[in-house]
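Inspection log for the structure reproduced underneath, given as structure tokens.
In our numbering, the protein residues as written are 2 to 259.
Take a look at the structure:
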């Protein structure tokens, strides 16, 4: 229809158009060739951030389950790493980001547009000794030892993840936001669990059964955890063998019931 129009160029996750052309008058007749909408320069309103995640030795961290958190004017968004790399488009020339990764320190970093290597600083895993657990569960049973932070993480609630290429959004579990961590029990009774912050953690033993979906989870108390000392700390968990045996029987019954 004829009339006066505005052309706006938008980028996913950015508030408002990054480039605006106004007014454009549409009149009857041949197509209008307005030079203002040809070869629009997006660099006037969009900055590109190309990020790489590295450890203190300079090695690329290719497996990061947690998102990079980025502060925008309207809130915090999460961006997922892919093989240790990440690309973000933003209107700001600088961003404040929060580094999250299991087994590494939580840090806020200010970055400028362009190429940046973000360095993650490792923390000691917590050593969890559960005397008698492997014997109680048998040599082949899968057992997961989880640790869940009892206090808040200090992170904003309801963080939304955004894919700027598709516009799709998603939420994050407490594991992705590093409120919990875990490790599989090996041949012995000691596991090393990567976590990201000091605090009081609930220890949960998750007993599995081959051919049965899910697990039986057993709370085994709360323990103070320190991660940033020179050497790893250890907590010793007194296991409840009667509850573990009951969990195994429950899983066997599930398998029999089909």
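Don't be surprised by glycine CBs; every beta carbon is placed ideally from N, CA and C.
Task: Cut-off 6 Å between Cβ atoms - residues of its own chain near residue 227, not counting five sequence neighbours on either side - done: In the chain shown, residue 227 corresponds to position 226, counting from 1. Contacts found: 199 and 234.
TODO: Answer with buried or exposed for residue 68, where buried requires no fewer than 16 other C-beta atoms within 10 angstroms of its C-beta.
DONE: Translated into positions along the chain shown, residue 68 becomes position 67. Flag for residue 68 reads buried.
Task: Supposed close pair residue 202, residue 150 - CB separation, criterion 8 Å - done: As a working note, residue 202 is residue 201 in the chain shown. As a working note, residue 150 is residue 149 in the chain shown. About 6 Å separates the two Cβ atoms, so the contact holds.
TODO: Whole angstroms is fine: what's the gap from residue 258's alpha carbon to residue 213's?
DONE: Position 257 of the chain shown holds residue 258. Position 212 of the chain shown holds residue 213. Residue 213 has its alpha-carbon roughly 10 Å from the corresponding atom of residue 258.
Task: Spatial neighbours of residue 94 in its chain, beta-carbon cut-off 7 Å, leaving aside the 5 residues before and after - done: Here residue 94 corresponds to residue number 93 of the chain shown, with the count starting at 1. Answer for residue 94: 48, 113 and 114, listed in chain order.
Open item on the list: Under 8 Å: do the region 82 to 93 and the region 48 to 65 share three or more Cβ pairs, one atom per stretch?
Closed with: yes
Open item on the list: In the DSSP output, which residue or residues are listed as bridge partners for residue 88?
Closed with: Reading the chain shown from its first residue, position 87 is the one you call residue 88. According to DSSP, residue 88 bridges with 51.
- [ ] Name the residue from 139, 140, 35 and 104 whose alpha carbon lies nearest to the alpha carbon of residue 128.
- [x] In the chain shown, the residue the question calls residue 128 occupies position 127. Out of 139, 140, 35 and 104, 104 has the C-alpha closest to the C-alpha of residue 128.
- [ ] Report the residue ranges of all alpha helix (DSSP H) runs contained in full by the region 133 to 190; include only those spanning at least 4 residues, in chain order.
- [x] Every unbroken stretch of the alpha helix (DSSP H) spanning 4 or more residues and falling wholly within the region 133 to 190 is given here in chain order: 134 to 138.
Open item on the list: Taking 8 Å as the threshold (C-beta atoms), are residue 236 and residue 183 in contact?
Closed with: Your numbering for residue 183 matches position 182 in the chain shown. Your numbering for residue 236 matches position 235 in the chain shown. When the beta-carbon positions are compared, residue 183 and residue 236 stay at least 8 Å from each other.
Open item on the list: Am I right that residue 137 and residue 240 are in contact with their C-beta atoms under 8 Å? What's the rounded C-beta distance?
Closed with: The residue labelled residue 137 in the question sits at position 136 within the chain shown. The residue labelled residue 240 in the question sits at position 239 within the chain shown. That pair is a contact at about 7 Å.
Task: residue 3, DSSP secondary structure in three states - done: On the chain shown, position 2 is the one that residue 3 refers to. Taken through DSSP and simplified to helix, strand or coil, residue 3 comes out as coil.
Open item on the list: Using DSSP's beta-bridge definition, name the partner residues of residue 109.
Closed with: Here residue 109 corresponds to residue number 108 of the chain shown, with the count starting at 1. Residue 109 is bridged to 99.
Task: Buried or exposed by the 16-neighbour rule on C-beta atoms within 10 Å, applied to residue 272 - done: Coverage of the chain is limited to positions 2 through 259, which leaves residue 272 absent and any answer about it impossible.
Task: C-alpha gap between residue 224 and residue 177, whole angstroms - done: Position 223 of the chain shown, counting from 1, holds the residue named residue 224. Position 176 of the chain shown, counting from 1, holds the residue named residue 177. Approximately 22 Å, taken between the alpha carbons.
- [ ] Use the C-beta contact count for residue 211: other C-beta atoms within 10 angstroms, 16 or more gives buried, fewer gives exposed.
- [x] Here residue 211 corresponds to residue number 210 of the chain shown, with the count starting at 1. Burial call: exposed.
Open item on the list: Give me the residue from 102, 193 and 58 with the minimum Cα distance to residue 126.
Closed with: Along the chain shown, read from residue 1 onward, the residue named residue 126 stands at position 125. The shortest C-alpha separation from residue 126 is found at 193.
Task: Of the listed residues 248, 191, 242 and 189, nearest to residue 215 (C-alpha basis) - done: Start at 1 with the first residue of the chain shown, and residue 215 comes out as number 214. The shortest Cα separation from residue 215 among 248, 191, 242 and 189 belongs to 248.
Task: residue 111 burial status per 10 Å Cβ neighbour count (16 or more: buried) - done: Indexing the chain shown from 1 puts residue 111 at position 110. By the 10 Å Cβ count, residue 111 comes out exposed.
TODO: Would you please state the rounded distance, in angstroms, between the beta carbons of residue 118 and residue 51? I believe it to be under 8 Å.
DONE: Locating residue 118 in the chain shown gives position 117, counting from the first residue. Locating residue 51 in the chain shown gives position 50, counting from the first residue. Between residue 118 and residue 51 a beta carbon distance of about 10 Å is seen, past the 8 Å cut, so the two are scored as non-contacting.
Open item on the list: Bridge partners for residue 223 per DSSP, in chain order?
Closed with: Numbered from 1 along the chain shown, position 222 holds the residue referred to as residue 223. Paired residue(s): 203.
TODO: Pull up the DSSP beta-bridge partners for residue 241, would you.
DONE: Position 240 of the chain shown, counted from the start, is the residue given in the question as residue 241. None, per the DSSP bridge assignment.
Open item on the list: Measuring straight from C-alpha to C-alpha, what distance separates residue 232 and residue 152?
Closed with: Counted from its first residue, the chain shown places residue 232 at position 231. Counted from its first residue, the chain shown places residue 152 at position 151. The straight-line gap from Cα to Cα measures roughly 24 Å.
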